[in-house]
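**Student:**
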Amino acid sequence: MATTLSPPFIFNTPKSPPTISRPLMPLPYSYNRIKKPSLHVTNSTLNIPTSTAPFQQTDFSSRFAPDKPRKGADIIVEALERQGVTTVFAYPGGASIEIHQSLTRSNIRSILPRHEQGGIFAAEGYARSSGTPGVCLVSSGPGVTNIMTGLMDAYSDSIPILAITGQVSQKLLGTDAFQEIPVVEVTRYMTKHNYLVLDVDDIPRIIKEAFFIATSGRPGPVLIDIPVDVQLELAVPNWNQPCKLPSCISSLPKEPDELALRQTLKLIVESKNPVLCVGGGCLNSSEELRKFVGLTGIPVTCTTMGLGLFPCTDELCLRMVGMFGTVYANYAVNECDLLLAAGVRFNERMTSKLEDFATRAKIVHIDIDSNEIGKVKLPDVSICADAKLVFNRMNMILESKGVGFMFDFSAWREELHEQKKKYPFSYKTFGEEIPPQYAIQILNELTDDEETIISTGVGQHQMWAIQFYMYKRARQLLTSSGFGSMGFGLPAAMGAAVANPGAIVVDIDGDGSFIMNLQELAAIKAENIPVKILLINNQYLGMNVEYEDRYFEANRANSFLGDPLRKSEIFPDMLKFAEACGIPAARVTKKKDVRAAIQLMLETPGPYLLDVMVSYQEHVVPMIPYDKSFKDTILEDDGRALH
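The opening residue of the sequence shown carries number 9 in my numbering; numbering runs sequentially from there.
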């Protein structure tokens with residue numbers, strides 16, 4: 009992969025540091041003996057950045073005269089402005105209040121979440137839906153610990169986030185001061201890179217670096233911890249400082265290996281039953297991917313993160329593979345003789361029992377992160393490069409050869425088409441009871457376009473949103489995939505709606521997941537963010553109930569969310585939460601009323617909550633049980649049939 013470094017990225021090669029006996033964990037300080045060095049820790053994902061430089065405003069006009077000293081807090085905010093930041097999700101506290109004060113003098117929109125976790129999930133929704141970094145700002149101590157789930161969530165799904173945290177003054181570091189926490193240490197394994205700023209003069213460079221690191225190669229969260237005294241110190245910023253990124257920048261991957269590309273094309277020519285599986289590593293490669301499929305005619309399946317990269321409505325789309333995927337996608341992987349895996353991690357939700365996964369296939373693994381290749385499943389051919397460049401180069405070779413590459417997979421495609429007809433997604437209806445799948449199906453019919461954005465929480469509703477909504481483009485589905493963070497859906501929808509004004513943004517949520525961050529209803533109302541909430545409410549933690557039904561004879565263990573003394577009543581009353589925040593809301597209990605209720609939700613200006621009451625006895629099927637194989641797929645069951 010070619011690497012083109014755009015100004016102002018000038019990489020200085022530092023002198024070799026003195027020999028130091030290194031512990032198992034990276035040291036939390038810089039080896040370079042410079043005045044008040046800023047601390048930084050990196051991990052191996054930084055070894056593989058691409059040439060993506062952060063956006064910078066070339067015509068930026070500062071509020072300050074060039075030679076006028078200003079506070080470190082003002083430098084922080086101007087540095088964000090120079091990187092093109094327009095929105096920050098910011099919760100104030102004693103160690104960050106100076107930055108909040110500077111934001112009041114800025115053009116940046118500062119949105120107050122009602123909990124720090126809501127703030128970082130909103131920043132994730134902003135980043136996932138737009139492809140540009142989301143920014144959150146919190147204070148020290150509990151402000152930092154409250155964003156740690158969001159950091160790990162962004163790290164797991166490779167989402168570019170910049171988290172700025174306030175810190176106690178330098179003289180108090182290490183004294184167990186009020187709300188002190190060793191941020192660099194505790195966030196090391198949930199960030200792609202993190203900093204402790206000890207010199208106000210480092211701020212312009214560090215923020216510039218942070219955006220580069222967050223968006224380069226395999227994206228991820230970057231954290232900058234800034235003590236109060238640095239925020240208060242006066243300085244004249246130097247906006248032209250060269251970046252001091254780690255020396256491993258020299259090991260950047262080059263263009264995709266030509267030999268590996270031609271080996272891959274040879275395998276495709278020799279194949280009779282090929283399958284292409286795409287994941288989150290292809291989010292910026294949708295156009296090249298679709299062209300490649302058009303040139304080859306290879307059927308496409310995907311992971312959760314890859315949904316929408318290839319339209320679910322296309323005849324070549326097999327939709328999601330894995331534990332809760334389609335029968336025909338899992339059949340295709342089980343029967344294929346060639347698996348082209350691009351931007352996927354081969355985690356257990358995708359492969360189920362690993363030794364039984366794609367046993368008939370030769371495997372080509374394409375990934376920008378060398379650490380992922382061969383980590384779980386050994387490939388026959390590996391290509392460590394940006395998937396966008398890989399597909400683009402293969403498309404060029406295919407087009408240049410013309411009739412030299414003629415593929416006929418019609419028999420294979422017909423075989424898969426028969427599987428599609430035999431095993432479609434389905435559900436049962438019981439009288440006027442609302443099947444949760446039906447509500448999502450109706451939402452899909454009423455928002456049949458590429459502009460609607462869907463977020464979800466985590467649980468059964470998440471899987472039904474994957475199964476019964478037809479995604480047509482990348483970044484249309486926002487869901488916590490790798491880390492499975494309940495409470496994600498509502499704040500993520502808030503961030504997505506801010507990043508995509510004019511788009512319909514619907515949070516398909518479950519009552520268990522929704523209640524974890526329902527305080528963000530207040531933020532949504534205060535900021536007039538037009539989020540629609542389709543709440544699939546079964547009064548239980550549905551995925552837990554499903555496991556209890558299957559493996560514990562329906563013995564309920566803290567899975568009931570209602571009032572144990574009044575089980576027939578709806579508790580808590582979600583409509584009252586919405587009412588308390590001034591958000592219009594309605595409840596629907598009968599199947600015949602669902603379409604009109606969803607239509608009203610979509611037509612009502614501003615935010616809206618629709619509480620859809622469903623049975624807790626519904627199960628997500630098809631399902632491959634944990635550590636089982638395709639042959640063990642559960643095609644049909646529910647709590648009614650089992651118990």
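We put the beta carbon where it would ideally sit given N, CA and C, even for glycine.
#1: Measuring CA to CA, which of Y548, L170, V146 and T272 is closest to E217?
#2: Please list, in chain order, all residues of the same chain as N465 whose beta carbon is under 7 Å from its beta carbon, the five residues on each side excluded.
#3: Going by C-alpha to C-alpha distance, which of S147, N403, I84 and D457 sits closest to E295?
#4: Enumerate in chain order the residues of its own chain whose CB-to-CB distance from V622 is below 8 Å, with the five nearest sequence positions on each side excluded.
#5: Please go through the same chain and pick out, in chain order, the residues whose beta-carbon is closer than 6 Å to the beta-carbon of T306, but skip the five residues on each side of it.
#6: Measuring CA to CA, which of P235, D165 and L618 is closest to R483?
#7: Straight-line CA distance for Y624 to G550?
#8: In the structure shown, what three-state DSSP assignment does D250 receive?
#9: Kindly indicate which residue of V236, H201 and D209 has the alpha-carbon position closest to the one of F219.
#10: Could you compute how far the alpha carbon of Q271 sits from the alpha carbon of C325?
#11: State whether the segment 319–333 contacts the segment 499–508, with contact taken as three or more CB pairs (one from each stretch) at a distance under 8 Å.
#12: Report yes if the CB atom of L618 is closer than 8 Å to the CB atom of V596, and no otherwise.
#13: Would you check if the distance between the CB atom of Y616 and the CB atom of K533 is smaller than 8 Å?
#14: Per DSSP, what kind of secondary structure is P212 in: helix, strand or coil?
#15: Grab the span of the alpha helix (DSSP H) containing I105 for me, first residue to last.
#16: Please report the distance separating the alpha-carbon of F415 from that of K274.
#17: Run through DSSP, which three-state label would Q625 get?
#18: In whole angstroms, what is the alpha-carbon distance linking H108 and T173?
#19: What first and last residue would you give for the alpha helix (DSSP H) that runs through G151?
#20: What number of angstroms, rounded off, separates the C-alpha of I116 from the C-alpha of P100?
#21: One question on the structure: do L204 and L454 come within less than 8 Å of each other, judged by their Cβ atoms?
#22: Starting from R270, trace the beta strand (DSSP E) both ways and give me its first and last residue.
#23: Considering only the alpha carbon of each residue, which of V602, D209, T437 and D237 lies closest to P250?
#24: Leaving out the 5 sequence neighbours to the left and right, which residues in its chain are closer than 7 Å to R648 when beta-carbon positions are compared?
#25: Say whether chain E places a C-beta atom closer than 8 Å to the C-beta of E644.
#26: For a quick check, are the C-beta atoms of P499 and R401 less than 8 Å apart?
#27: Take the Cβ of E561 as the centre, count every other Cβ of all protein chains shown within 10 Å, and call the residue buried at 16 or more, exposed below.
#28: Is E554 buried or exposed, if buried means 16 or more other CB atoms sit within 10 Å of its CB?
#29: Tell me the DSSP secondary structure of N202 in three-state form.
#30: Helix, strand or coil for I83? Go by DSSP, reduced to three states.
#31: Whose C-alpha, out of L291, A594, E644 and T612, is nearest the C-alpha of S138?
#32: Rounded to a whole number of angstroms, what is the C-alpha to C-alpha distance between I371 and E278?
#33: Taking the alpha helix (DSSP H) that L400 falls in, what are its first and last residues?
#34: Between the C-alpha atoms of V191 and V152, what's the straight-line distance to the nearest angstrom?
#35: Is N338 buried or exposed, if buried means 16 or more other CB atoms sit within 10 Å of its CB?
#36: For F186, does the count of other Cβ atoms within 10 angstroms reach 16, so buried, or fall short, so exposed?
**Tutor:** The relevant details are as follows:
#1: It is L170 whose Cα lies nearest to the Cα of E217.
#2: The sequence given here places Gly at residue 465; Asn does not occur at that position. Counting only Cβ-Cβ distances below 7 Å, and skipping sequence neighbours, we find M494, G495, F496, G497, D517, G518, S521 and F522.
#3: Answer by Cα proximity: N403.
#4: So the list reads E441, I442, P443, P444, A447, I544, N545 and N546, once near-sequence residues are dropped.
#5: Per the sequence shown, residue 306 should be read as Ile rather than Thr. P282 and L284, listed in sequence order.
#6: Distance from the Cα of R483 is smallest, within the candidate group P235, D165 and L618, for D165.
#7: Taking the straight line from one Cα to the other gives about 6 Å.
#8: Checking the sequence, you will find Pro at residue 250 rather than Asp. P250: coil per DSSP, three-state reduction.
#9: Nearest of V236, H201 and D209 to F219, Cα basis: H201.
#10: Straight-line Cα distance between these residues: approximately 25 Å.
#11: Taking 8 Å as the limit for Cβ pairs, the verdict is that the segment 499–508 does not touch the segment 319–333.
#12: Yes, the Cβ-Cβ distance between L618 and V596 is below 8 Å.
#13: Not a contact, by the Cβ cut-off of 8 Å.
#14: Three-state DSSP puts P212 in a helix.
#15: Following the DSSP letters along the chain, one finds I105 inside the alpha helix (DSSP H) bounded by residues I105 to L111.
#16: Rounded to the nearest angstrom, the two C-alpha atoms are 11 Å apart.
#17: Three-state result, Q625: coil.
#18: Between the alpha carbons of H108 and T173 lies a distance of about 12 Å.
#19: First-last of the alpha helix (DSSP H) with G151: P150 to T153.
#20: If you draw a straight line from the Cα of I116 to the Cα of P100, it comes to about 15 Å.
#21: Taking 8 Å as the cut-off, the Cβ atoms of L204 and L454 do not count as close.
#22: Element bounds for R270: not the beta strand (DSSP E) but the alpha helix (DSSP H), E266 to E278.
#23: Minimum Cα distance to P250 is reached at D209.
#24: Excluding sequence neighbours, R648 sits near Q625.
#25: Among the protein chains of the structure shown there is no chain E, as only one such chain exists.
#26: Inclusion of P499 and R401 in the CB contact set at 8 Å is not warranted, their separation being larger than that value.
#27: So E561 counts as exposed.
#28: Counting C-beta atoms within 10 angstroms of its own C-beta, E554 has 16 or more neighbours from the protein chains shown and is therefore classed as buried.
#29: Reduced to three states, the DSSP call for N202 is strand.
#30: Note: I83 maps to helix in three-state DSSP.
#31: A check of alpha carbon separations from S138 across L291, A594, E644 and T612 identifies L291 as the nearest.
#32: The C-alpha of E278 is placed about 13 Å away from the C-alpha of I371.
#33: The sequence shown places Asn at residue 400, not Leu. Going by DSSP, N400 is part of the alpha helix (DSSP H) stretching over A395 to K409.
#34: Cα to Cα, V191 sits roughly 7 Å from V152.
#35: The residue is buried, with at least 16 neighbouring Cβ atoms inside 10 Å.
#36: F186 is exposed by the Cβ-count criterion.
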